[in-house]
Amino acid sequence: MCATLRHEIPEAVVTYEEKPREQWIFDYPAQIALTCTQIWWTTEVGLAFSRLEEGYENAIKDYNKKQISQLNALITLLIGSLSAGDRMKVMTICTIDVHARDVVARMIVAKVESSQAFMWQSQLRHRWDEEKKHCFANICDAQIQYSYEYLGNTPRLVIPPLTDREHGQQRPDPWHGWPPPWGPSPGPGALSSVPAPRPSWQTPEYVGRV
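Residue numbers (UniProt numbering): 1 to 210.
If you want it as structure tokens, here you go:
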């Protein structure tokens, strides 16, 4: 199963732009479609920053408009007739799309002008490394190899700003393998969202205190 996922992801990445995204997502299983949309989000934000640095002042704003258009296309699908599996897949991608849209919108408000800015670097950013033939998730100074563990067609929790912070708190230390926090750990009321990043970087989760 892991080998199959690893084999299919690069093909899905390549074909992403060959047809409208709302059609493309039906060509692949949910986990592959979701992972590749996240890979392309990282790519497209990077391209928008490159255009901004080249002098195109509205590059980030234009990309945010594209995100809204893509999200509206998926919502239109949900209004129509879909199988239970396809509906779950589209709803899950919508959930991730809303978070991606909000991240870009916040960067516009904050006038972020570089891909090296902390507001962007602190996001969980998926990418496909063609040389290593692996998917990686980057956040701050950490890089985590995607484990290709089968997750199936499952829903995702909404990703509020607090969960973004927890992504950073749980990132593995690149030197020791431990997750050093940016600040105090979230209180008991926030623990329900702690497992949220695990499906993204697919590392074992150990619960306890050190």
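Virtual Cβ for every residue (Gly too), placed ideally from N, Cα, C.
Tell me where the alpha helix (DSSP H) around residue i begins and ends.
| i | result |
| --- | --- |
| asparagine 64 | 59-79 |
| lysine 111 | Here lysine 111 belongs to no alpha helix (DSSP H), and DSSP marks it neither H nor E. |
| serine 50 | 30-53 |
Within 10 angstroms of its Cβ, does residue i collect 16 or more other Cβ (buried), or is it exposed?
| i | result |
| --- | --- |
| alanine 84 | exposed |
| glutamine 67 | buried |
| leucine 157 | exposed |
| aspartate 97 | buried |
| arginine 106 | exposed |
| alanine 110 | exposed |
| glutamine 38 | buried |
| isoleucine 79 | exposed |
If you follow the beta strand (DSSP E) that residue i is part of, which residue opens it and which one closes it?
| i | result |
| --- | --- |
| alanine 137 | 134-139 |
What number of angstroms, rounded off, separates the C-alpha of residue i from the C-alpha of residue j?
| i | j | result |
| --- | --- | --- |
| glycine 55 | phenylalanine 49 | 10 Å |
| valine 112 | glutamine 70 | 23 Å |
| proline 10 | threonine 35 | 10 Å |
| glutamine 31 | aspartate 141 | 26 Å |
| leucine 151 | methionine 88 | 13 Å |
| proline 20 | phenylalanine 26 | 11 Å |
Could you give the DSSP three-state label for residue i: helix, strand or coil?
| i | result |
| --- | --- |
| alanine 3 | helix |
| alanine 142 | strand |
| arginine 125 | strand |
| alanine 84 | helix |
| glutamine 23 | helix |
| arginine 101 | helix |
Any beta carbon from chain B within less than 8 Å of residue i's own beta carbon?
| i | result |
| --- | --- |
| serine 69 | Within the model displayed, chain B is absent; a lone protein chain is all it includes. |
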